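This report concerns only the one structure given below.
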Amino acid sequence: MSWRRPRRFALVGAIALALAACQTPPRGGAPAAEEPSEVASLRVVARPSAPPRPPRVPVLRVSEAEPVTGGEVLDRLTARLSTPACVRGSHNETWRRRYAGHPARFSQRVEAILPLLNYVLEEVENTDLPGEFALIPLVESWYRPDAVGAGGSNAPGGLWQMIPGTARNHGIAIMPGYDGRYSPIDATHAALSYLDALHAEFGDWRATAMAYNAGEGRMRRALAAGDGRVHGERRKPAGLASHTYAYIDKLRALSCLLAHPERHGLRLPRDTVVDPLRRISLAGGAQDLGAVADVLEMPVEELRRLNPAYTGTRVSADAPHVLLVPERTQPRWAALADLDPGARVAATRPTPAEPGAAATATAGAAYTVKRGDTLSAIARSHGLRVADLLRWNQLTQASILRPGQEIRLAPQ
């Protein structure tokens, strides 16, 4: 890890390592030894923000080597987690049961997020931050780039669930046709830059995650008002919201589940081959994602799922021209330079709609809800983002669609 600890941590660190060594079970699913209690951090004193770190040389995997697998991604993640990954505590144990209550479903969900998890983990490695921070998008959105929270126009959005004001404060562009909170590239860069600054100030990953959730000002005041100790299970420092303590409980629970799946009856997708995601730049001028997808020889739906920051398939001239694409498309990247910025595809290939969802809109850019429709199915069948439908129709994720209801398919 990149942070330093005072010498007075030496004894506590030695005790923690000794406990970790004692609690590691033999492989093969044998019952785990009793987990140690979480060691409370000695006094964490908020320090003045450190100057920005110098840029690091990216640590990227060589694609010509053996394929990236789920096991490699999970091993790299767990290697960056605090030790021990599993600690006693009723709160984090509750969240372990909730996350892994259906082991097969949990494993399927982990398999589905492996490409994005690998991308964020690479950024965490390049920034030299604790592995727990790569789990924050799992807590926030289950790694869904198009996730929209509750709250109307001020709703959090994207992998990292940022509200518009916070996003703009951290340099994320939000403009007509583009909302960078839904860009895994922009949002991850902003979130990790913020976490890096917080970690330089607080030093402890738990205090940093609490500050990320509650705000650094609130965390500073809580530390100053108490004894400076940070402990998830004991709800220290006092005075924070319950969801801030739960944030640490969830990260602790996920760390344990992913580091020691055998203790919880989990079979994680270690053999799954992962196609790494890479950033590419488009030429200036307006672009069409359908035309880009054709050049890259990939489905436009996949390109849009990875880059939901753009409204529809249009990349406006003043929006960022950086996309996240699978590494398998690398042989076609050079051909993008010859793409006419004005090129348009005649018709975007639609994703097959879920049962009950219609494939065409009614006149006036509106759609009449039918029995069995879901907002996500309506969005996919019309080449739109759920976030846009929610905004245009003043809906939230908790809204219930009713047969006969009119859903606007374009802004007023």
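Positions -20 to -1, 1 to 392 (mature numbering (1 follows the signal peptide of the UniProt record, and there is no 0)) are the ones given, in order, by the sequence shown. Quick reminder that beta carbons are idealized off the backbone N, C-alpha and C, glycines included. Source: prediction; values computed, not measured.
Taking the C-alpha atoms as reference points, what is the distance between G384 and F86?
-> 36 angstroms
Could you spell out the range, first to last residue, of the alpha helix (DSSP H) harbouring Y99?
-> 83 to 107
For A337, is the classification buried or exposed, using 16 other Cβ atoms within 10 angstroms of its Cβ as the cut-off for buried?
-> The pLDDT assigned to A337 is 33, lower than 50, so where the model puts this residue is not dependable, and the model offers no usable value.
Under 8 angstroms between C-beta atoms, does Y123 make it to chain D?
-> This model lacks chain D altogether; it includes just one protein chain.
Compute the Euclidean distance between the alpha carbons of L364 and N373, then round it to the nearest angstrom.
-> 13 angstroms
Since E386 sits in a beta bridge, which residues does DSSP pair it with?
-> T348
Hey, out of R232, G183, P136, G137, whose CA is closest to P64's CA?
-> R232
Nearest to I260 by alpha carbon, out of H244, P279, S70, P300?
-> P300
Burial state of V253, where buried means 16 or more other Cβ atoms lie within 10 Å | exposed
How many angstroms separate the CA atom of P136 from the CA atom of L178?
-> 20 angstroms
Could you tell me the boundaries of the beta strand (DSSP E) in which P306 lies?
-> 302 to 306
For L257, which three-state DSSP category applies?
-> strand
Taking the alpha-carbon positions, what's the R382 to R351 distance?
-> 7 angstroms
If you scan the region 131 to 179 from start to end, which runs of the alpha helix (DSSP H) of 4 or more residues do you find wholly inside it?
-> 144 to 149
Would you kindly report the start and end of the unbroken alpha helix (DSSP H) that includes G50?
-> 50 to 59
Taking C236 as part of the alpha helix (DSSP H), name the residues at either end of that continuous run.
-> 222 to 239
Would the beta-carbon of R232 be found less than 7 angstroms away from any heavy atom of the ligand SAM?
-> Absence of the ligand SAM from the depicted structure is noted, as is the absence of any ligand whatsoever, leaving it without description.
DSSP three-state assignment for V275, whether helix, strand or coil | helix
Please report how far the alpha carbon of P156 lies from the alpha carbon of R148, in whole angstroms.
-> 14 angstroms
To the nearest angstrom, how far is it from the Cα of G131 to the Cα of D353?
-> 23 angstroms
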